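Numbering (our numbering), first residue to last: 53 to 361. Presented below is the structure to which this report refers.
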């Protein structure tokens, strides 16, 4: 069962914002919807939530038009919208009642979610008394307290320190385990990699890449190797350059880049990885680590949605 976005088109005046946008988000999984500013992410999310209609195309949930499917949403917008001078408990209870809960259920949901985001003691405090990161957690609670079938999180890690970022990751993983659909939009690729099984990249209003993230990574050539030794990075890099030059490897190793604790080798062909490892094993360079690198999501994103993409 899934949420399917099919050939969405949307224009605002003369500006064509979305062009045949299609992708699928599965139950019990998180999908990273990625793109540069102005790529069409927010427009796509708002069409999914029926904030405004598309010019053409469709959005279906479990095979039914979304408007008739009766699906519940939780939405964390990039622009935060709670009231700084109002008590947190009052605000969350009110928002829960707007979503159809009676007062008793709304208060219970408010207390449950404040406990979940570790802010129970702030029930009677004004929002402005909290740090930016804690205000973000209150906003997250407001988005999820109605137990939505589809959670849409736009830049959810903004303002969070590492401890609270881990708390949010745990919450998202719980949503996935519960069979929810999570649509996740962020510029922080490392977070997307940690729990998004699938991705869709928007560039200038078009989907330029979508699918299972690990399968996408496996489709790229493994032509980069990372090595470390007990020597400083600069010394290791110099030794590798000398060794490559004196042993006829200059054509096999087309680039050597120092890294924090070692160096990265760009190979002319992925097929050279095994022979190169054997060559290093027989060389005077004593390696502590030899790792074939896969592309990062950030590298894939830059390739597909960078300036020259």
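Cβ coordinates follow ideal geometry from the N, Cα and C atoms, glycine included. Predicted, not measured: the structure shown is a model, and the values here were computed from it.
In DSSP terms, what residue i is bridged to
| i | result |
| --- | --- |
| residue 310 | 315 |
| residue 139 | 178 |
| residue 67 | 64 |
| residue 209 | Partner(s): none; residue 209 has no beta bridge. |
| residue 76 | 56 |
| residue 264 | 250 |
Chain-order list of residues whose beta-carbon lies under 7 Å from that of residue i (same chain, five-residue window excluded)
| i | result |
| --- | --- |
| residue 224 | 82, 234, 247 |
| residue 141 | 162, 175, 176 |
| residue 307 | 318 |
| residue 289 | 308, 310, 315 |
| residue 322 | 273, 274, 275 |
| residue 173 | none |
| residue 139 | 176, 177, 178 |
Rounded straight-line distance, which links the Cα of residue j to that of residue i
| i | j | result |
| --- | --- | --- |
| residue 112 | residue 213 | 36 Å |
| residue 268 | residue 275 | 15 Å |
| residue 336 | residue 358 | 41 Å |
| residue 273 | residue 348 | 12 Å |
| residue 294 | residue 220 | 48 Å |
| residue 355 | residue 132 | 31 Å |
| residue 190 | residue 271 | 40 Å |
| residue 114 | residue 262 | 20 Å |
| residue 330 | residue 296 | 14 Å |
| residue 257 | residue 63 | 10 Å |
| residue 325 | residue 245 | 25 Å |
| residue 222 | residue 339 | 37 Å |
| residue 215 | residue 170 | 11 Å |
| residue 298 | residue 320 | 18 Å |
| residue 203 | residue 99 | 14 Å |
Cβ distance (whole Å) where residue i is taken to contact residue j below 8 Å
| i | j | result |
| --- | --- | --- |
| residue 314 | residue 351 | Not a contact, Cβ separation roughly 18 Å. |
| residue 128 | residue 192 | 6 Å |
| residue 328 | residue 277 | 7 Å |
| residue 123 | residue 201 | 5 Å |
| residue 158 | residue 149 | 5 Å |
| residue 211 | residue 185 | 5 Å |
| residue 110 | residue 76 | Not a contact, Cβ separation roughly 13 Å. |
| residue 237 | residue 97 | 7 Å |
Contacting residues, own chain, Cβ-Cβ under 8 Å from residue i (five flanking each side not counted)
| i | result |
| --- | --- |
| residue 135 | 143, 179 |
| residue 228 | 80, 81, 82, 234, 247 |
| residue 332 | 279, 339, 342 |
Contact set for residue i: own chain, Cβ-Cβ below 6 Å, skip 5 residues either direction
| i | result |
| --- | --- |
| residue 165 | 193, 197 |
| residue 130 | 206, 207 |
| residue 209 | 217, 240, 243 |
| residue 78 | 54 |
| residue 334 | none |
Within-8 Å CB hit, residue i to chain C
| i | result |
| --- | --- |
| residue 97 | You won't find chain C in this structure, because it holds only one protein chain. |
Contact between the region 249-258 and the region 85-92: three or more CB pairs below 8 Å? yes
Can at least three beta-carbon pairs, one atom from the region 150-166 and one from the region 177-197, be found at a separation below 8 Å? yes
For the pair the region 339-352 and the region 293-312, tell me if three or more CB-CB distances fall below 8 Å. no
Check whether the region 58-65 and the region 115-130 are in contact - that is, three or more C-beta pairs closer than 8 Å. no
Does the region 283-296 come within contact of the region 98-107, defined as at least 3 CB pairs closer than 8 Å? no
Count Cβ pairs between the region 92-99 and the region 62-81 that sit closer than 8 Å; are there 3 or more? yes
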